[in-house]
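Peer 1: All residue numbers for the sequence shown refer to the working numbering, where the first residue is 1 and numbers rise by one.
Okay, here's the structure, questions in a sec.
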Amino acid sequence: MRPRAEVWEHFDSRQVQGKREAICKYCGTVYKNALATRLREHINRCKCCPQSVKRMASEASQGPSKKRSTASMTFPSSSTSVSTVASTSTDDTPNINFTVDLAPALTDSEVDEAIARAVYSSAVPLSMLESQFWKKKTFELIRPGYDPPNRHSLGGNLLTAEYQRVKMATMKKIQNANGLGLISDGWGDISGRKVVNFIVSTPEPIFYKSLRPGVQRETAAFVASNIIGVIDEIGNDKFVSVITDNAPNMRAAWKIIEDKYKHIRCVGCAAHGINLLIKDIMALNVLDELLQQSKKLIKLFKYSHVPHALLEAKQKEKYGSSACTLKLPSPTRWAYAVLCFDSLLKNKEAILEAIVCPTVQFDRNIKTAVLADDTWEKLEEARRLLRPLFDAINRIETDNAVLSDIHSHFSSISRHVDSVLQDSAMFSMSDVLAIRDSIKKRQELICKPIHAAAHLLDPRYRGVALSGDDENQALNYITEMCNVSGYDRGIMLANLAEFKAHRGFFSRDSLWEAAQHVSPSTWWQGLCEKQPLNVLASKLLNIPPSSAASERNWSAHGRIHTKVRNRLSPSTTEKLIAVQWNLQYRDNPVNIHGSAADATQKESSLVCDESTDTE
1 MRPRAEVWEH
11 FDSRQVQGKR
21 EAICKYCGTV
31 YKNALATRLR
41 EHINRCKCCP
51 QSVKRMASEA
61 SQGPSKKRST
71 ASMTFPSSST
81 SVSTVASTST
91 DDTPNINFTV
101 DLAPALTDSE
111 VDEAIARAVY
121 SSAVPLSMLE
131 SQFWKKKTFE
141 LIRPGYDPPN
151 RHSLGGNLLT
161 AEYQRVKMAT
171 MKKIQNANGL
181 GLISDGWGDI
191 SGRKVVNFIV
201 STPEPIFYKS
211 LRPGVQRETA
221 AFVASNIIGV
231 IDEIGNDKFV
241 SVITDNAPNM
251 RAAWKIIEDK
261 YKHIRCVGCA
271 AHGINLLIKD
281 IMALNVLDEL
291 LQQSKKLIKL
301 FKYSHVPHAL
311 LEAKQKEKYG
321 SSACTLKLPS
331 PTRWAYAVLC
341 FDSLLKNKEA
351 ILEAIVCPTV
361 QFDRNIKTAV
371 LADDTWEKLE
381 EARRLLRPLF
391 DAINRIETDN
401 AVLSDIHSHF
411 SSISRHVDSV
421 LQDSAMFSMS
431 DVLAIRDSIK
441 KRQELICKPI
451 HAAAHLLDPR
461 YRGVALSGDD
471 ENQALNYITE
481 MCNVSGYDRG
491 IMLANLAEFK
501 AHRGFFSRDS
511 LWEAAQHVSP
521 STWWQGLCEK
531 QPLNVLASKL
541 LNIPPSSAAS
551 ERNWSAHGRI
561 HTKVRNRLSP
571 STTEKLIAVQ
581 WNLQYRDNPV
591 NIHGSAADAT
601 QKESSLVCDE
611 STDTE
């Protein structure tokens, strides 16, 4: 009996009507009256067959055949990523083409590093690669014999090595930056432990470190000592500002920091402040009643299954795939009230048709309110009043926002609110006065002399939104910084006069045209490098106006340290966050000089933690 060909090891066989059939163990293809040569050809082109098996089939096929020439299989060197292999034929058999995918000419350790970096940057579980679908169905096809790193390696030596590489790269960015801002915020992790992070703005937000206060009370002295520790580690001469939330302990810590470092100014988060402005406005009776009414309506359609299904059907009928989900407001993120009103208005037609449906019984009061014209008029007017404040928060929270923008935002908010209130029948005179007073109060709390100085030195604005008092504050700040830093005050102020008056070096129209296309700091550093004001202006115009970067860092923290991954140690967690966060700016840098619309900034990332905030 002729010995059975080795290729049959990869096929199951059965007898059907006296003939032997072969069934591929990898893809299930059935061959009737199968021959070994034909089976080898199948193995060569089988998409489910491991590469190691294909190699063995190739080697076996190199001997001569009586009926046809064998497939000529030339495997590429390790430097070739893809090789197309063709079989030649002496008869009418068609050529067989298939592809063999091999990893580039890298060592296993280099491949480990690349895969580990992909895992860290994606914030996926470290055990992911231990799945057989990765090990056998993916890596075996790409690189036969390669064993991917397990969770112990990914959380151990590979993570430590990548963390050190990222740390070296980020420290180089920090040391080369011109004027740093330190952003800090606190958060409770999945285990209930308090964590404080420190982001260094270069202006790209770089995660520097985090700490866990433990049982230590976060007094002003404790907060200040931690911030001072980070400043001293990096070098206090590199910093211009500290940005935190507006909590009382933070404001008390500011004084300690500014007393120690005369050249550093502490500022509160502007996004937080404008969110509190929305809270002030929403406290008016007419808006509070409208919000409570809106919440009842939305909860009805969200949490009662029959009304929910009815509205969903009406939304699909009216809007198709562009239907907007009804959104409930947040108890602390007051800007979400805008999204709440907006979602109702976008679903107005569907809601009206659903509420009059005879097959569903709705609460009489809710039904009456929905059908009343003045309800929708109030929603429209409330949205029109608040939407610019909401948009201002979103612009402030982007990574390319700077201190100089804040005065312009408040100026724009004031003009808009006045225009809405002028013809409004919804608000009483006392409401109007209360809104205007809130705007003034929040602006005074948020805008400091450093904001005014940045606005004055921004070539896009040149102080256009500043009052007389604000401009005096800006000049006093510039004078003080000259004294502290050893700049010639007379030369600096003379240069400022030319800048404001478009005289001397600043008389060229091309300079001001360029200001509309680059960031303000780039404008000073790139076009006005030799001007005395550059040393101060380029620093001030790199400072972010909000602590949004810290808030987004907590979102990254939450994606890594989850309920499922709650056993991650603090050390491992910090390394994972540092690598994941900082890699995104190394390999996919934020467009600091682009438009204010940041692709990473979502409406859901609005900053505000009211728990410790006071007036």
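Glycine included, every Cβ here is placed at the ideal spot set by N, Cα and C.
Being a predicted model, the structure only gives us computed values, none of them experimental.
According to DSSP, simplified to helix, strand and coil, what is C528?
Peer 2: As a working note, residue 528 is residue 528 in the sequence shown. The answer is coil: DSSP assigns C528 none of H, G, I, E or B.
Peer 1: With C-beta atoms as the reference, is P148 less than 8 Å away from Q51?
Peer 2: Your numbering for residue 148 matches position 148 in the sequence shown. Your numbering for residue 51 matches position 51 in the sequence shown. No, the pair does not count as a contact, with Cβ atoms beyond the cut-off.
Peer 1: Determine, using beta carbons only, whether P329 comes closer than 8 Å to chain D.
Peer 2: Looking for chain D here will not work: only one protein chain is present.
Peer 1: Helix or strand or just coil, what does DSSP make of C482?
Peer 2: By one-based count along the sequence shown, residue 482 stands at place 482. Annotated three-state conformation of C482 is helix, per DSSP.
Peer 1: With 16 other CB atoms within 10 Å as the buried threshold, where does E551 fall?
Peer 2: Position 551 of the sequence shown, counting from 1, holds the residue named residue 551. Answer is buried; the Cβ neighbour count reaches 16.
Peer 1: Comparing C-alpha positions only, which one of A220, K539 and Y477 sits nearest to I257?
Peer 2: Here residue 257 is taken as the residue at index 257 of the sequence shown, counted from 1. The residue with the shortest Cα to Cα distance from I257 is A220.
Peer 1: Should K19 be labelled buried (16 or more other beta-carbon atoms within 10 Å of its own) or exposed?
Peer 2: One-based indexing of the sequence shown puts residue 19 at position 19. Per the 10 Å Cβ criterion, exposed.
Peer 1: Could you say which of D418, N400 and V338 lies nearest to D391 if we only look at CA atoms?
Peer 2: If you number the sequence shown from 1, residue 391 lands on position 391. For the residues D418, N400 and V338, the minimum Cα distance to D391 belongs to V338.
Peer 1: Thinking just about the alpha-carbon of each residue, which of D458, I199, F505 and E204 is nearest to the one in V230?
Peer 2: Here residue 230 is taken as the residue at index 230 of the sequence shown, counted from 1. Per the C-alpha coordinates, the member of D458, I199, F505 and E204 positioned closest to V230 is I199.
Peer 1: Which of helix, strand or coil does DSSP assign to T37?
Peer 2: Within the sequence shown, residue 37 is the residue found at index 37, counting from 1. T37 falls in the helix class under three-state DSSP.
Peer 1: Measuring CB to CB, does V286 end up less than 8 Å from C266?
Peer 2: The residue you call residue 286 lines up with position 286 of the sequence shown. The residue you call residue 266 lines up with position 266 of the sequence shown. Not in contact: V286 and C266 (Cβ atoms no closer than 8 Å).
Peer 1: Hey, how far is the Cα of L311 from the Cα of K299?
Peer 2: Taking the sequence shown and counting its residues from 1, the one referred to as residue 311 is at position 311. Taking the sequence shown and counting its residues from 1, the one referred to as residue 299 is at position 299. Approximately 12 Å between the Cα atoms of the pair.
Peer 1: Quick one: what's G188 bridged to in DSSP?
Peer 2: As a working mapping, residue 188 is identified with position 188 in the sequence shown. According to DSSP, G188 bridges with K194.
Peer 1: First and last residue of the alpha helix (DSSP H) that includes Y629?
Peer 2: No answer is possible for residue 629: the residues shown for the chain start at 1 and end at 615.
Peer 1: Using DSSP's beta-bridge definition, name the partner residues of L180.
Peer 2: On the sequence shown, residue 180 is found 180 positions in, with the first residue counted as 1. F239, per the DSSP bridge assignment.
Peer 1: Taking 8 Å as the cut-off, decide whether the C-beta atoms of C340 and S404 are in contact.
Peer 2: Walking along the sequence shown from the start, residue 340 turns up at place 340. Walking along the sequence shown from the start, residue 404 turns up at place 404. Not a contact, by the Cβ cut-off of 8 Å.
Peer 1: Compare the Cα-Cα distances from P570 to each of E110, G192 and D12 and report the closest residue.
Peer 2: Taking the first residue of the sequence shown as 1, we reach residue 570 at position 570. Selected option, being the one with the closest Cα: G192.
Peer 1: So, is A49 buried or exposed, given that buried needs 16 or more other C-beta atoms within 10 angstroms?
Peer 2: By 1-based counting over the sequence shown, the position of residue 49 is 49. Looking at the sequence shown, residue 49 is not Ala but Cys. Counting Cβ neighbours within 10 Å, C49 comes out buried, since at least 16 surround it.
Peer 1: Of the residues V417, C447, E444 and K448, which one's Cα is nearest the Cα of L433?
Peer 2: In the sequence shown, counting from the first residue as 1, residue 433 sits at position 433. Considering only alpha carbons, the answer is V417.
Peer 1: Would C46 be called buried (16 or more neighbouring beta carbons within 10 Å of its own) or exposed?
Peer 2: Numbered from 1 along the sequence shown, position 46 holds the residue referred to as residue 46. With 16 or more Cβ atoms within 10 Å of its Cβ, C46 is classed as buried.
Peer 1: Taking just the CA atoms, how far does F11 sit from Y26?
Peer 2: Taking the first residue of the sequence shown as 1, we reach residue 26 at position 26. Taking the first residue of the sequence shown as 1, we reach residue 11 at position 11. The straight-line gap from Cα to Cα measures roughly 8 Å.
Peer 1: For the beta strand (DSSP E) containing D616, list its first residue and its last residue.
Peer 2: Lying outside 1 to 615, the shown extent of the chain, residue 616 is not represented and no answer is given.
Peer 1: Quick check for students: name the residue ranges of the alpha helix (DSSP H) that lie wholly in the segment 288-330, counting only runs of 4 or more.
Peer 2: 305-319
Peer 1: Can you find the residues in the same chain that come closer than 7 Å, C-beta to C-beta, to V53, ignoring five residues on each side of it along the sequence?
Peer 2: Working through the sequence shown from its first residue, we reach residue 53 at position 53. The answer, listed in chain order, is H10 and I43.
Peer 1: Return the chain-ordered ranges of every alpha helix (DSSP H) run that is complete within the segment 409-454 and spans a minimum of 4 residues.
Peer 2: 429-446
Peer 1: What are the residues that DSSP puts in a beta bridge with C266?
Peer 2: To locate residue 266, count along the sequence shown from 1; it is residue 266. Bridge partners of C266: V242.
Peer 1: Can you give me the start and stop residues for the beta strand (DSSP E) that A515 sits inside?
Peer 2: Position 515 of the sequence shown holds residue 515. That residue, A515, is in no beta strand (DSSP E); it is neither H nor E in DSSP.
Peer 1: What separation, rounded to the nearest whole angstrom, lies between the Cα atoms of H407 and L158?
Peer 2: Within the sequence shown, numbered from 1, the residue matching residue 407 stands at position 407. Within the sequence shown, numbered from 1, the residue matching residue 158 stands at position 158. Going from the Cα of H407 to the Cα of L158 covers about 47 Å.
Peer 1: So, does the segment 571-583 touch the segment 268-276, judging by three or more C-beta pairs under 8 Å?
Peer 2: no
Peer 1: Would you say N542 and S521 are within 8 Å of each other, going by their C-beta atoms?
Peer 2: Stepping through the sequence shown from its first residue, residue 542 is reached at position 542. Stepping through the sequence shown from its first residue, residue 521 is reached at position 521. For N542 and S521, yes; Cβs fall inside 8 Å.
Peer 1: Quick check on I439: buried or exposed, where buried means 16 or more other Cβ atoms within 10 Å of its Cβ?
Peer 2: Taking the first residue of the sequence shown as 1, we reach residue 439 at position 439. Its Cβ being crowded by 16 or more others within 10 Å, I439 is buried.
Peer 1: Could you tell me the distance, in whole angstroms, from the CA atom of N150 to the CA atom of D458?
Peer 2: Position 150 of the sequence shown, counted from the first residue, corresponds to residue 150. Position 458 of the sequence shown, counted from the first residue, corresponds to residue 458. If I take the Cα positions, the gap works out to 52 Å.
Peer 1: Just how far apart, CA to CA, sit K255 and R559?
Peer 2: Locating residue 255 in the sequence shown gives position 255, counting from the first residue. Locating residue 559 in the sequence shown gives position 559, counting from the first residue. Rounded to the nearest angstrom, the two C-alpha atoms are 35 Å apart.
Peer 1: For K279, which residues of its own chain have a beta-carbon under 6 Å away from its beta-carbon, when the five flanking residues on both sides are left out?
Peer 2: Position 279 of the sequence shown, counted from the first residue, corresponds to residue 279. Result list for K279: W334, in chain order.
Peer 1: The alpha helix (DSSP H) with I491 in it runs from where to where?
Peer 2: Numbered from 1 along the sequence shown, position 491 holds the residue referred to as residue 491. R489 to A501 is the span of the alpha helix (DSSP H), which, as asked, contains I491.
Peer 1: Is the beta carbon of I206 closer than 8 Å to that of K296?
Peer 2: As a working mapping, residue 296 is identified with position 296 in the sequence shown. As a working mapping, residue 206 is identified with position 206 in the sequence shown. For K296 and I206, no; Cβs fall outside 8 Å.
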